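Numbering (the working numbering), first residue to last: 3 to 172.
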Amino acid sequence: MSADQRRRVEVYPDREVVVEFDPELTFECVEDCTWCCHHGVLLYDKDLLELAQRANLAETTTDFRGEKFVTREEKDRDDHVGDDGCACAFLRDDGLCTLHLEEDWKPTRCSVFPLAVFLEDGDLHVDIRDSAHEHCEGLNVSERKVIENLEAFLPELLWELENPDSDREL
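Here you go:
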């Protein structure tokens with residue numbers, strides 16, 4: 003998208019993003035698509051505190067390059083797991099997320115998906131992850147426009163982070 007097609011959108015009072023994706027884009031998670039769950043989920047400090055109230059961190063997190071991620075583990079599913087047969091430790095056998103379904107909570111990185119978030123010239127930018135265009139089944143399958151629902155994807159925590167870039171994976 004060219005610079006003149008980008009648009010600034012206020013998500014929360016005094017918290018705006020520069021939108022880099024087509025404003026007509028829609029997204030809705032679709033049943034049995036767990037593609038996003040086979041990546042390592044980066045945990046920000048606030049996420050670690052929240053997760054500690056719901057799970058044993060020693061059993062469910064791992065360190066990688068100085069950052070905490072949700073542990074990936076081998077799954078009995080053949081679909082929507084990584085090439086190594088692993089996915090997020092909280093992905094149940096039925097393809098649903100324990101944290102989201104049973105705890106009504108998602109780590110920041112899970113809320114952000116399928117968006118890519120990055121800082122540029124001091125502004126928070128959002129686009130669609132390159133890999134989502136290829137693998138995510140929830141793009142353009144509903145009437146739910148992403149640009150009209152940015153608060154559902156972008157927790158306020160993102161504006162407080164020194165490095166909110168979402169391209170870091172386990």
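Using N, Cα and C, we set each Cβ at its ideal position, and we do this for glycine too. As the structure is a prediction and not an experimental result, all values here were calculated from the model.
Helix, strand or coil at residue i [DSSP, three-state]
i: Phe-92; result: coil
i: Cys-99; result: strand
i: Asp-129; result: strand
i: Leu-51; result: helix
i: Glu-145; result: coil
i: Glu-18; result: strand
i: Leu-45; result: strand
i: Leu-172; result: coil
i: Glu-139; result: coil
i: Glu-164; result: coil
i: Trp-37; result: helix
Those residues which DSSP pairs with residue i across a bridge
i: Thr-63; result: Val-72
i: Glu-12; result: Glu-18
Whole-angstrom distance between residue j and residue i, CA atom to CA atom
i: Glu-76; j: Phe-92; result: 11 Å
i: Asp-78; j: Gly-87; result: 8 Å
i: Leu-53; j: Arg-8; result: 35 Å
i: Leu-152; j: Thr-28; result: 11 Å
i: His-41; j: Gly-84; result: 7 Å
i: Asp-106; j: Glu-122; result: 32 Å
i: Glu-139; j: Asp-34; result: 10 Å
i: Leu-141; j: Pro-157; result: 20 Å
i: Ser-113; j: His-102; result: 10 Å
i: Ala-57; j: Leu-51; result: 10 Å
i: His-137; j: Ile-130; result: 12 Å
Environment of residue i [buried if 16+ CB atoms lie within 10 Å]
i: Ala-154; result: exposed
i: Tyr-14; result: exposed
i: Asp-49; result: buried
i: Ser-144; result: exposed
i: Phe-66; result: exposed
i: Glu-190; result: Here the chain comprises residues numbered 3 to 172, so residue 190 is not present and cannot be evaluated.
i: Ala-89; result: buried
i: Pro-25; result: exposed
i: Val-32; result: exposed
i: Glu-162; result: exposed
i: Arg-74; result: buried
First and last residue of the uninterrupted alpha helix (DSSP H) at residue i
i: Phe-155; result: 152-155
i: Val-114; result: 110-114
Residue span of the beta strand (DSSP E) that contains residue i, given as start and end
i: Val-32; result: Segment: none, Val-32 is in no beta strand (DSSP E) and carries neither H nor E.
i: Ala-118; result: 117-122
CB contact check: residue i to chain C, cutoff 8 Å
i: Leu-45; result: The structure shown has no chain C; it contains just one protein chain.
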